[in-house]
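All remarks here apply to the structure that follows.
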Amino acid sequence: MSGSPEHAPHSPRAESAHSAQASTASTSTSTSSLRPFENAKGLLVVLPDSIDVEEEARLYEELCETPTDTQYTPPDSPPLSPKHEPSVYSRDIWLGDNSGESHAFARSVEIAGWTSVGDKLGGAYIVYDCVIRTKEGTPIHAHKRYSSFVHLYDRLRASLPESQQHFVPQLPPKFPLAKYRPSFLDQRRRLLQHWLSAVLLHPDIGGCQAVREWVME
């Protein structure tokens, strides 16, 4: 007998089983190569053909290279509406002028002084220098006698509707015997300035036709 080991004969059944295992492994490998993400748990994102991948990568690099230590400045917030304390006077004003628009053309009114025109013996009269500053800042000097104020008062009472006539205050009274005294003239100047301001700066009657014509006369 020989000392070399004897090889067991190959069984047809064993060869068939080995071929089946190899075939299964080959099929599994080919299937996994066709469907590599079949058992994946994550989200699969497919890039459409319209996206330029190189351009997207360039923009991403620029975004990463942008310094992040720049200070952010918030945009200016619009101013809040002013809150007005409730009172009888403010409520009347805001209800009467709730549109926010004024028809008056004047921004300020001042009677800067007066002058005497003519001879006292020959019928002199006093002229008041009314300085009316428009909303554009243009000053208008209107030289008016006391009788001119009376004329405007009468025109306003005749032309304004009844609902607005109470906005026109009474004129200061006449004092013929004291009309040339400096103290009296200064007092009348202040009273006429108060009266003219109440008329010309009123949002409703300050721009009426009677007022405009009076200023330009």
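Residue numbers 7 to 223, in the numbering used here, belong to the letters of the sequence shown in order. Each residue gets a CB set at the ideal place from its N, CA and C atoms; glycine is no exception.
Here's the rule I'm using: 16 or more other beta-carbon atoms within 10 Å means buried, otherwise exposed. How should R195 be labelled? In the assembly as shown, R195 is a buried residue. Its beta-carbon has 16 or more other beta-carbons within 10 Å.
Roughly how many angstroms separate the alpha carbons of E219 and A110, rounded to a whole number? C-alpha separation (whole angstroms): 13 Å.
To which residues does DSSP link W120 through a beta bridge? Bridge partners of W120: Y134.
Alpha carbon to alpha carbon, how far is E223 from V123? Give it in angstroms, no decimals. Distance between the alpha carbons of V123 and E223 is about 18 Å.
Which listed residue (L127, L162, H200 and Y186) has its alpha carbon closest to that of G213: Looking only at L127, L162, H200 and Y186, the smallest Cα-Cα distance to G213 is reached by L162.
Thinking C-beta only, is I146 closer than 8 Å to I138? Yes; because the gap between Cβ atoms is below 8 Å, this pair is in contact.
Using the C-alpha atoms, what's the distance from D125 back to D103? Confidence is the limiting factor: at D103 the pLDDT is only 40, short of 50, which leaves the residue's position unreliable and the question unanswerable from this model.
For A110, name the three-state secondary structure that DSSP assigns. For A110, the three-state secondary structure derived from DSSP is coil.
Find the nearest neighbour of A117 within the set R187, G129, A164 and L197, judged by alpha-carbon distance. Here residue 117 turns out to be Ile, not Ala, going by the sequence shown. Nearest option by C-alpha distance: L197.
Going by CA-CA distance only, name the one from S108, T121, R113 and S114 that's closest to D192. The option with the nearest alpha carbon to D192 is T121.
How many Å lie between A216 and Q170 at the Cα? Spanning the two alpha carbons is a distance of roughly 14 Å.
First and last residue of the beta strand (DSSP E) that includes P145? Where P145 is concerned, the enclosing beta strand (DSSP E) stretches over P145 to K150.
Let's test the definition: count the other Cβ atoms within 10 Å of the Cβ of H149 and tell me whether it reaches 16, buried, or not, exposed. Counting other Cβ atoms within 10 Å of its Cβ, H149 stays below 16 and is therefore classed as exposed.
Taking the alpha-carbon positions, what's the H157 to H200 distance? Rounded to the nearest angstrom, the two C-alpha atoms are 17 Å apart.
Enclosing alpha helix (DSSP H) for P188 [first to last residue]: Per DSSP, the continuous alpha helix (DSSP H) segment holding P188 begins and ends at P188 to L206.
Residue span of the alpha helix (DSSP H) that contains V217, given as start and end: That run of the alpha helix (DSSP H) goes Q215 to M222.
Spatially closest choice to I211 from S165, P188 and K185, by CA coordinates: The shortest C-alpha separation from I211 is found at S165.
Strictly by DSSP, which residues pair up with R139? According to DSSP, which records beta bridges pairwise, R139 is partnered with S114 and P145.
Based on Cα-Cα distance, which residue from Y134, P209, T140 and Y186 lies nearest to F155? Comparing Cα positions, the closest option is Y134.
Looking at the structure shown, is V156 part of a helix, part of a strand, or coil, going by DSSP? Here V156 sits in helix by DSSP.
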